[in-house]
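A.B. asks:
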Amino acid sequence: MPVTRTEVWIATSDGRDMIRADALVIVRLDATGRLTAQLRDESKVSVTLLDGSGTVHPPADFHRRLIRTIAELADSSGAQLVRAVEDADGWRWAAERL
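For the working numbering, count along the sequence shown from 1 and bump the result up by 1.
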């Protein structure tokens, strides 16, 4: 029986890059609303997942919501892209199939 591996990807703040979720080791949300992630590599590169320059900051637990979303998607099949979305209801993580 073939095994389908789930890959979860996260879009960066500008939408130009995607990072595989299993490459993240640290996720930080600072007081300005900027969300950064440190990657699992020897140089410990950090990438910006959410710029924090908007007028409405994401909720204080937004980084936790990202981890929860990744964990929930790990049980799905195929590749998924997660991105931060601000709409009339506030900030949320949206997932879509790749």
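Cβ atoms here follow ideal geometry from the backbone N, Cα and C, with glycine treated the same way.
1) If you drop the 5 nearest sequence neighbours on each side, which residues of the same chain put their C-beta closer than 8 Å to that of Thr-13?
2) Between the alpha carbons of Val-9 and Ala-22, how many angstroms are there, rounded?
3) State the DSSP-derived secondary structure class of Glu-43, mapped to helix, strand or coil.
4) What are the boundary residues of the beta strand (DSSP E) that Leu-25 is part of?
5) Please check the pair Arg-29 and His-64, which I expect to be a contact at CB under 8 Å, by giving their CB distance rounded to whole angstroms.
C.D. replies: Taking the definition as stated:
1) Met-19, Ile-20, Val-48, Thr-49 and Leu-50
2) 5 Å
3) coil
4) 25-30
5) 7 Å
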